[in-house]
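Residue numbers (my numbering): 533 to 772. Quick notes on the structure that follows.
Have a look at this one:
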């Protein structure tokens, strides 16, 4: 197959990118599949090595390929997408991708609100609040660390729930339907304890979403959602 005689009005490197992208999109080259070498692509497509090199470099920068020095180029694992503005149930998001959700409850306890928790939940200092730490898995890969504080007045039975079978989102949505939400998004370096819980290398960049939710004018929860940066991207759509 030669791309040189292809009548497509696009630069050769763009045609090479399209050729590779189409193989990935139609499932011919699934995640972790080894992509033919530059030499093999030059011979197969009838283009120069410089053209192939640029196509592979750009696809790598776009996150579609992973290049390992001395090993080869491979199809990257698709990044999990997180909606920027919506407040979704992570179990539903994972199921929609055709994968299996599992949750591990690290801690679930009552605490006295310190200054930060009191301000976030709009409760008195030393008020009783609930604190849960849960790791969410997608097909046994840890993709989110959920560190959540909950207003005990709004959700008095929070500690009695089994969050390995139902997510906090599902439970809280049932007893205190969401009427307002707030998101703050940051890029952070994971703390040592977060790296251990997410099974990632120390200091790996992560995507942090700080979220507060309200129901009928009262703050229900304040949560930190930590995602390994290599597995996630944010997306949103808006109109003006």
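The beta carbon of each residue, even a glycine, is placed where N, CA and C say it ideally should be. Everything numeric in this text was worked out from a predicted model, so none of it was measured.
Residues bridged to residue i (per DSSP)
i           : result
residue 664 : 640 and 680
residue 715 : 743
residue 669 : 634 and 674
Three-way DSSP call (helix, strand, coil) for residue i in this model
i           : result
residue 545 : helix
residue 566 : strand
residue 773 : Within the shown structure, residues of the chain are numbered from 533 to 772, placing residue 773 beyond reach of any answer.
residue 633 : strand
residue 722 : coil
residue 583 : helix
residue 698 : coil
residue 657 : coil
residue 674 : strand
residue 598 : strand
residue 607 : strand
residue 687 : coil
residue 693 : coil
residue 624 : helix
residue 705 : helix
residue 552 : helix
residue 616 : Confidence at residue 616 is low in this model, with a pLDDT of 49, below 50, so its placement is unreliable and no value can be given for it.
residue 645 : coil
Local Cβ density within 10 Å of residue i, reported as buried at 16 or more and exposed below that
i           : result
residue 680 : buried
residue 699 : buried
residue 720 : exposed
residue 692 : exposed
residue 565 : exposed
residue 571 : exposed
residue 678 : buried
residue 711 : exposed
residue 760 : buried
residue 651 : exposed
residue 593 : exposed
Cβ-heavy atom distance, residue i to the ligand SAM, below 7 Å
i           : result
residue 606 : Because no ligand of any kind appears in the structure shown, any question about the ligand SAM cannot be addressed here.
> Which ranges does the alpha helix (DSSP H) cover as unbroken runs of at least 4 residues, wholly within the segment 731 to 764, from first to last along the chain?
Replying inline: If you keep only unbroken alpha helix (DSSP H) runs of at least 4 residues inside the segment 731 to 764, you get nothing at all.
> Quick one: any contact between the segment 641 to 649 and the segment 724 to 732, if contact means 3 or more CB pairs under 8 Å?
Replying inline: Taking 8 Å as the limit for Cβ pairs, the verdict is that the segment 724 to 732 does not touch the segment 641 to 649.
> Touching or not, the segment 655 to 670 and the segment 624 to 643, by the rule of three or more beta carbon pairs under 8 Å?
Replying inline: Counting Cβ pairs under 8 Å, three or more are found: they touch.
>> So, does the segment 583 to 595 touch the segment 541 to 550, judging by three or more C-beta pairs under 8 Å?
In response: Yes, the segment 583 to 595 touches the segment 541 to 550.
>> Counting beta carbon pairs with one atom in the segment 681 to 689 and one in the segment 652 to 662, are three or more of them shorter than 8 Å?
In response: Yes, the segment 652 to 662 touches the segment 681 to 689.
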